[in-house]
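**Q** In my numbering, the protein residues as written are -16 to 338.
Right, dumping it as structure tokens:
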């Protein structure tokens, strides 16, 4: 069941200020804007403080397109920049999980066409009404809800599952049943594992994992994940364990659930404090450690292409994974919701009218 909300469960509100109350010169219907017109963009101006400002319509080159943004996902990797803010007097323009409709194409572009629904690859400035992007970085979104066609996290999950090389009959553990854990779950299931065991500390997350088809869910506040895994695998352990939380505790337990010569795939975003592992034990166990983060653009593009084909073809469903939606003026509430993770939270997106 889809849960939409425009509040942040007690998080701060009213801190996302409009710098200009009336945006003169901007077309009201959000069709193709006039050159020289203004569009709205969220600028991070301080700790936990966004301002919605005016900016020129992005210009496009001959191999680029202008995309009218319909949705921009709030990524966990953006939480720390929001909490700390930019240096005094500076601004940051976040947003990299973008979907929308092509509004204009460059002179050399043959595809996509104006009016096409796409998920796109951008690295910043995605919390805006329009983004400029190379045509090669646009992928058909199909006929489903555009606010679920988030090409970047889908690509990350596709690449993680492919790098870990889940095979028919594998015993797979997923530690963390949040948004990325759910995507990994859905994609790993397509490869035919014998057991797909999902662990989390939140009852609602485990209920969702069960609905997605987990063969066993484990509440780590009540059960020992390693004991459950061993009981289901004849004492061997998992062939592959996906770490999907970005925490020290989850990383540590991965070594206790994985069989000798098995694989540990690190999907979680481990930034800030350093992590520690019992390297002598991991070395003795001959684990293959898969860093499921990708910086090679060709790999990212392939992951997007595969993932968006699965989405457009109905093989991958995002139904229920976008739980909270906020208009641009409530972007601080979107980030506060990500931080607080109220019951039922999976993913927050900033949305724009799909006219």
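Cβ coordinates follow ideal geometry from the N, Cα and C atoms, glycine included.
Are there 16 or more other CB atoms within 10 angstroms of the CB of residue 267, so buried, or fewer, so exposed?
**A** exposed
**Q** Which residues does DSSP list as the beta-bridge partners of residue 355?
**A** Outside the shown range of the chain (-16 to 338) lies residue 355, about which nothing can therefore be said.
**Q** So within the segment 177 to 219, which uninterrupted beta strand (DSSP E) runs reach at least 3 residues, ignoring any that extend past its ends?
**A** 178 to 183, 199 to 202
**Q** How many Å lie between residue 130 and residue 218 at the Cα?
**A** Those two C-alpha atoms are separated by around 43 Å.
**Q** Are there 16 or more other CB atoms within 10 angstroms of the CB of residue 101, so buried, or fewer, so exposed?
**A** In summary, residue 101 is buried, with 16 or more beta-carbon neighbours lying within 10 Å of its beta-carbon over all protein chains present.
**Q** Where residue 176 and residue 74 are concerned, what is the direct C-alpha to C-alpha distance, given to the nearest angstrom?
**A** 46 Å
**Q** Since residue 156 contacts residue 240 with CB under 8 Å, what's their CB separation in whole angstroms?
**A** 5 Å
**Q** Here's the rule: buried if 16 or more other CB atoms are within 10 angstroms of the residue's CB, otherwise exposed. What is residue 224?
**A** Buried, because 16 or more other Cβ atoms sit within 10 Å of the Cβ of residue 224.
**Q** Could you work out which residue in 244, 243, 233, 248 is closest to residue 258 when comparing CA atoms only?
**A** Looking at the Cα atoms, 233 is the closest of the given residues.
**Q** If you reduce the DSSP assignment to three classes, tell me which class residue 58 lands in.
**A** coil
**Q** Which value, in whole angstroms, describes the spacing of the CA atoms of residue 186 and residue 252?
**A** 23 Å
**Q** Assuming residue 286 is part of the alpha helix (DSSP H), what are its boundary residues?
**A** For residue 286, the enclosing alpha helix (DSSP H) begins and ends at 280 to 295.
**Q** Report the residue from 264, 181, 244, 191 whose alpha carbon sits nearest the alpha carbon of residue 215.
**A** 181
**Q** Mind reading off the beta-carbon distance from residue 81 to residue 48? Whole number of angstroms is fine, and I expect it under 8 Å.
**A** Wrong, their Cβ atoms sit about 12 Å apart, outside the cutoff.
**Q** Tell me whether residue 55 is buried or exposed, calling it buried when 16 or more other Cβ atoms sit within 10 Å of its Cβ.
**A** buried
**Q** Do the segment 59 to 77 and the segment 317 to 328 meet, that is, are 3 or more Cβ pairs less than 8 Å apart?
**A** Per the Cβ contact rule, the segment 59 to 77 is in contact with the segment 317 to 328 (3 or more Cβ pairs under 8 Å).
**Q** Starting from residue 106 and walking both ways along the alpha helix (DSSP H), at which residues does that stretch end?
**A** Note, residue 106: premise wrong, no alpha helix (DSSP H); not H, not E.
**Q** By Cβ distance below 6 Å, which residues in the same chain neighbour residue 178 in space, the five residues on each side in sequence not counted?
**A** 154, 198, 215
**Q** Tell me whether the segment 198 to 207 and the segment 119 to 136 touch, counting them as touching only if at least three CB pairs, one residue from each stretch, are closer than 8 Å.
**A** no
**Q** Suppose contacts are defined by Cβ-Cβ distances below 7 Å. Is residue 311 in contact with residue 35 by that definition?
**A** Result yes, Cβ atoms of residue 311 and residue 35 sit closer than 7 Å.
**Q** What separation, rounded to the nearest whole angstrom, lies between the Cα atoms of residue 4 and residue 37?
**A** The predicted position of residue 4 is uncertain, since its pLDDT is 32 and thus under 50; a value taken from the coordinates is nonetheless stated next. Going by the C-alpha atoms only, they are around 10 Å apart.
**Q** Less than 7 Å separating the beta-carbons of residue 343 and residue 112?
**A** Here the chain comprises residues numbered -16 to 338, so residue 343 is not present and cannot be evaluated.
**Q** Tell me which same chain residues have a C-beta within less than 7 Å of the C-beta of residue 200, skipping the five on either side of it?
**A** 181, 189, 192, 193
**Q** Return helix, strand or coil for residue -15, following the three-state DSSP convention.
**A** Confidence at residue -15 is low in this model, with a pLDDT of 35, below 50, so its placement is unreliable and the value that follows should be read with caution. Coil at residue -15, not helix or strand.
**Q** What's the gap between the Cα of residue 145 and the Cα of residue 250?
**A** 12 Å
**Q** Can you give the beta carbon distance from residue 76 to residue 107, rounded, assuming they're within the 8 Å contact cut?
**A** 5 Å
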